[in-house]
Amino acid sequence: MANETTTFTGRIGRIPIRHLSPQQPEFRWPAKAFVGEVVPFAATIFREGHDALGADLLLTAPDGTTTTHPLAIGAPGTDRWHTEALVDAEGEWHWQVRAYGDDWATWMHAATVKIAAGVDVEVMLLAGAELLARAGKLAKGTPAQRVLSSARTAMLKTTKSPAERLAVASDPRVVRAVTDNRPISLETLSEVVPLRVERTRAGVGAWYEFFPRSEGAKQKKDGSWVSGTFRTAQKRLPAVAKMGFEVLYLPPIHPIGTINRKGANNTLTPGPGDPGSPWAIGSAAGGHDAIHPDLGTEADFRAFVAAVKKNKLELALDLALQCAPDHPWVTEHPEWFTTLPDGSIAYAENPPKKYQDIYPLNFDNDPEGLSREILRIVTYWIELGVRIFRVDNPHTKPLSFWEWLLAEVRRDYPDVVFLAEAFTRPAMMQSLAAVGFHQSYTYFTWRNTKQELEEYLTEVSQVTSTHFRPNFFVNTPDILTEYLQFGGVPAYKIRAALAATASPTWGVYAGYELIENVARPGSEENIDNEKYEYKNRDWAAAEAEGRSIAPFITQLNAIRAAHPALRQLRNLRVHWSDDEAILIYSKTMDARFTGTGRPDGLIIVANVDPHSVRETTVNLDLTVLGLEPGGRFDVTDLITQERYTWGADNYVRLDAFQNPVHILRIDYPKGV
Numbered sequence: 004m005a006n007e008t009t010t011f012t013g014r015i016g017r018i019p020i021r022h023l024s025p026q027q028p029e030f031r032w033p034a035k036a037f038v039g040e041v042v043p044f045a046a047t048i049f050r051e052g053h054d055a056l057g058a059d060l061l062l063t064a065p066d067g068t069t070t071t072h073p074l075a076i077g078a079p080g081t082d083r084w085h086t087e088a089l090v091d092a093e094g095e096w097h098w099q100v101r102a103y104g105d106d107w108a109t110w111m112h113a114a115t116v117k118i119a120a121g122v123d124v125e126v127m128l129l130a131g132a133e134l135l136a137r138a139g140k141l142a143k144g145t146p147a148q149r150v151l152s153s154a155r156t157a158m159l160k161t162t163k164s165p166a167e168r169l170a171v172a173s174d175p176r177v178v179r180a181v182t183d184n185r186p187i188s189l190e191t192l193s194e195v196v197p198l199r200v201e202r203t204r205a206g207v208g209a210w211y212e213f214f215p216r217s218e219g220a221k222q223k224k225d226g227s228w229v230s231g232t233f234r235t236a237q238k239r240l241p242a243v244a245k246m247g248f249e250v251l252y253l254p255p256i257h258p259i260g261t262i263n264r265k266g267a268n269n270t271l272t273p274g275p276g277d278p279g280s281p282w283a284i285g286s287a288a289g290g291h292d293a294i295h296p297d298l299g300t301e302a303d304f305r306a307f308v309a310a311v312k313k314n315k316l317e318l319a320l321d322l323a324l325q326c327a328p329d330h331p332w333v334t335e336h337p338e339w340f341t342t343l344p345d346g347s348i349a350y351a352e353n354p355p356k357k358y359q360d361i362y363p364l365n366f367d368n369d370p371e372g373l374s375r376e377i378l379r380i381v382t383y384w385i386e387l388g389v390r391i392f393r394v395d396n397p398h399t400k401p402l403s404f405w406e407w408l409l410a411e412v413r414r415d416y417p418d419v420v421f422l423a424e425a426f427t428r429p430a431m432m433q434s435l436a437a438v439g440f441h442q443s444y445t446y447f448t449w450r451n452t453k454q455e456l457e458e459y460l461t462e463v464s465q466v467t468s469t470h471f472r473p474n475f476f477v478n479t480p481d482i483l484t485e486y487l488q489f490g491g492v493p494a495y496k497i498r499a500a501l502a503a504t505a506s507p508t509w510g511v512y513a514g515y516e517l518i519e520n521v522a523r524p525g526s527e528e529n530i531d532n533e534k535y536e537y538k539n540r541d542w543a544a545a546e547a548e549g550r551s552i553a554p555f556i557t558q559l560n561a562i563r564a565a566h567p568a569l570r571q572l573r574n575l576r577v578h579w580s581d582d583e584a585i586l587i588y589s590k591t592m593d594a595r596f597t598g599t600g601r602p603d604g605l606i607i608v609a610n611v612d613p614h615s616v617r618e619t620t621v622n623l624d625l626t627v628l629g630l631e632p633g634g635r636f637d638v639t640d641l642i643t644q645e646r647y648t649w650g651a652d653n654y655v656r657l658d659a660f661q662n663p664v665h666i667l668r669i670d671y672p673k674g675v
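For the sequence shown, this note's numbering begins at 4 and goes up steadily by one.
Below is the structure:
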């Protein structure tokens, strides 16, 4: 009897296949993955009656190659089937699920029960022989055909006892042959689901932000400053690369407006030498397609891009779609702004705050003209070698504009990555990711307690990971949380360790390694903020005097580079501790995907109270770690190199002032 095939028609197939994952909510845009990501696939599969089922994932790469991955049933009673697959090429992938009646498994269960009870013995053995014949036809021309033919003959041999004839089905050679040539029926295919796979940097990277005007800036005797340039900023690149960072992010590098320029600490009274905020873009020297004259020329920028590449970094550039009052667009295209009843142009506002040095854009007066101009600007910088954009405040622009722009760029430059700097409502943040942003800033910055972190890490790794990729920046020029202000060195180490291990993409803003933790009174940002003035840091002196945690950050990035499990998002699992400040989670990667033939697993235990010493018991789900329940195993602390033997329940002591975090490598026994 040939295998029967029922294709997916109508709303349900012969074998129902429902709730396919990964898919985006509403199915308007494809789910996302990145090259090298291990993607979990799942579906709800069931049928009437009690017959056994089987299922496969059919995964089709952009080149048309389809691979088959068996699905396994998950928790009993859920009818949820799962598998994982690594995607290894950029482009548009497609997948579907094939479900089928597993006739052999159904027969094995029934035959084992009935023959032992003496019920329908000959009927069951004849049915088994027929299935072996079907498998033999599928194996035609292979060594398995002979194995299956011999097994069929033995099962029909009435001179043997029923138990002996049934035992033929359990022979390892027969099991292998049937597994490779399984007789099935009622084959049903689900709908085809798209999966957009982007380059690895879209989902993995360690980011470092600095202001090029500060790198090499010098203060003269009269108190005025000479700006740093692209040439002087190049000198900082080897140190950034040495710390293990992979992306260098620059704030806007364009001319800065003079009208309503902000002074030091965001005052409205700038001095003659105050450089102004780089986000107040545009002056008589040009707009978004111009370079600030103090930084250099286009040729200098090209040389800087080449130097970044030489240091094995990628360059990310800020895309801030807003204008200073003296931006050329203000006179050339007044329709791109909001005009108030008194004839003035509206400033940017976040009531009660006003940003007098910035005019926001209005996308409703001339959406096509403004959109085309922005695409021209983005293309201009792409042609100069920029392949990553950190987008400032994308949530203040129409979502439909972003959907269009990102699609336009993806069509011609599929390797370009966009990071959304959108600290806003969840619906907007998630929708920006849904329409095409590759990654996003997150609420991680303000999630500091154990409970907050457990909930948030679970959310970004399990709930929204089909489309939303978190970039865990630990600080920004605008954000210096109370946790960092008052937590000292322990707080800075804790937050860096969490960001670097919990998310495959994380970042720091320059000065973090120097524990710059003094805030402007009444605000959540650094005093003497670099947004409004030059800052000349003595990096070498700080490190020589032990005032820098750059060695610790270097260690974190080295651990990330050595462990592929840390470069995944969806594999994070939270475990339990008895202490309200001890957070524990793991990241594991199956040996099939590591490239070493060995599994990769890490357990992160953090004391998130930077002011205390904590002792407690942590409780692990060993099955999540790929270990046998009740077993013992060795771990190595990758920070201190200390070794321990652990099990399901383990004592830990973490002194926030000495070593607030364990990053434990699981030393898997051979054969695991």
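A virtual CB, placed ideally from N, CA and C, is assigned to each residue, including glycine.
Computed from a predicted structure; not experimentally measured.
- request: For Y671, collect the residues of the same chain with a Cβ closer than 6 angstroms to its Cβ; drop the 5 residues on either side in sequence, then sort them by chain order.
  value: Within its own chain, the residues whose Cβ lies closer than 6 angstroms to the Cβ of Y671, once the five positions on either side in sequence are excluded, are P602, listed in chain order.
- prompt: Span of the alpha helix (DSSP H) holding Q433?
  reply: Unbroken alpha helix (DSSP H) run through Q433: 429 to 438.
task: Would you mind sorting N653 into buried or exposed? The rule is 16 or more other CB atoms within 10 Å of its CB.
output: buried
- prompt: Which same chain residues, not among the five before or five after N662, have their C-beta less than 7 angstroms away from its C-beta?
  reply: I642, T643
message: I want to know whether the stretch 216 to 235 touches the stretch 61 to 76 - three or more CB-CB distances under 8 angstroms.
response: no
message: Judging by CA-CA distance, which residue of P401, S347, K356 is the nearest neighbour of P370?
response: P401
message: Need the endpoints of the beta strand (DSSP E) that M592 sits in, please.
response: 585 to 592
field: With 16 other Cβ atoms within 10 Å as the buried cut-off, status of A568
entry: buried
task: Name the residue from M158, A544, T191 whose alpha carbon lies nearest to the alpha carbon of V177.
output: Closest by alpha carbon: M158.
field: For D329, three-class secondary structure by DSSP
entry: Here D329 sits in coil by DSSP.
task: Let me know the alpha helix (DSSP H) ranges lying completely inside the stretch 308 to 385, each 4 residues or longer, listed in chain order.
output: 331 to 335
- prompt: Where does F214 fall in DSSP's three states?
  reply: Looking at F214 - three-state DSSP - the assignment turns out to be coil, as it is neither helix nor strand.
- prompt: Using the beta-carbon count (16 or more within 10 Å), is F447 buried or exposed?
  reply: buried
- prompt: Just the Cα atoms here: how many angstroms apart are H614 and I607?
  reply: Whole-angstrom Cα-Cα distance: 19 angstroms.
task: Take the Cβ of R739 as the centre, count every other Cβ of all protein chains shown within 10 Å, and call the residue buried at 16 or more, exposed below.
output: The requested residue 739 is not part of the displayed model; the chain covers only 4 to 675.
field: Which listed residue (G247, N353, P363) has its alpha carbon closest to that of L324
entry: P363
message: Measuring straight from C-alpha to C-alpha, what distance separates R149 and R155?
response: 10 angstroms
- request: Identify whether K400 lies in helix, strand or coil by the three-state DSSP scheme.
  value: coil
query: Going by beta carbon distance, what residues of the same chain come within less than 6 angstroms of A651, once the five residues before and after it are set aside?
result: Cβ neighbours of A651 beyond the five flanking positions: L623, L625.
- prompt: Near R498, what residues of its chain come up, given a Cβ to Cβ distance below 6 angstroms and the 5 sequence neighbours on each side ignored?
  reply: For R498, where only same-chain residues beyond five positions count, the Cβ hits under 6 angstroms are V477.
message: On the CB-based measure, 16 or more other CB atoms within 10 Å of its CB, does L559 come out buried or exposed?
response: buried
task: Could you check if L408 is buried or exposed, using at least 16 other CB atoms within 10 Å of its CB as the buried criterion?
output: With 16 or more neighbouring CB atoms inside 10 Å of its own CB, L408 falls in the buried class.
- request: Look at T469 and P25 and say whether their C-beta atoms are less than 8 angstroms apart.
  value: Yes. Within cutoff.
- prompt: Going along the chain, which unbroken runs of the alpha helix (DSSP H) with 4 or more residues stay wholly within the stretch 480 to 535?
  reply: 485 to 505
- prompt: Grouping DSSP H, G and I as helix and E and B as strand, with all else coil, what is V41?
  reply: strand
CB contact flag (N539, L483, <8 angstroms): no
- prompt: Touching or not, the stretch 174 to 194 and the stretch 208 to 226, by the rule of three or more beta carbon pairs under 8 angstroms?
  reply: no
task: For D658, collect the residues of the same chain with a Cβ closer than 6 angstroms to its Cβ; drop the 5 residues on either side in sequence, then sort them by chain order.
output: The residues V616, in chain order, have a CB closer than 6 angstroms to that of D658 in the same chain once the five nearest residues on each side in sequence are set aside.
message: Tell me which residues share the same chain as T349 and place their Cβ nearer than 8 angstroms to its Cβ, disregarding the 5 neighbours each side in the sequence.
response: A quick correction: the sequence has Ala, not Thr, at residue 349. These residues qualify, in order along the chain: F340, T341, T342, L343, Y362, P363.
- prompt: So which of V308, H566, F248 has the shortest CA-CA distance to L320?
  reply: V308
- request: Can you tell me which of N368, E249, G266, S173 puts its alpha carbon nearest to the alpha carbon of K315?
  value: E249
task: Along the alpha helix (DSSP H) that carries P165, what are the first and last residues, could you check?
output: 165 to 170
message: As an exercise, report each continuous beta strand (DSSP E) stretch of at least 3 residues that is fully enclosed by the stretch 151 to 210, in chain order.
response: 187 to 192, 196 to 201
query: Does the distance from the C-beta atom of G510 to that of N532 stay below 8 angstroms?
result: no
message: With distance defined between alpha-carbon atoms, name the residue in T161, T504, A505, V438 nearest to F30.
response: V438
- prompt: Excluding the five sequence neighbours on either side, which residues of its own chain have a C-beta within less than 7 angstroms of the C-beta of T619, listed in chain order?
  reply: S580, D581, D582, I585, V655
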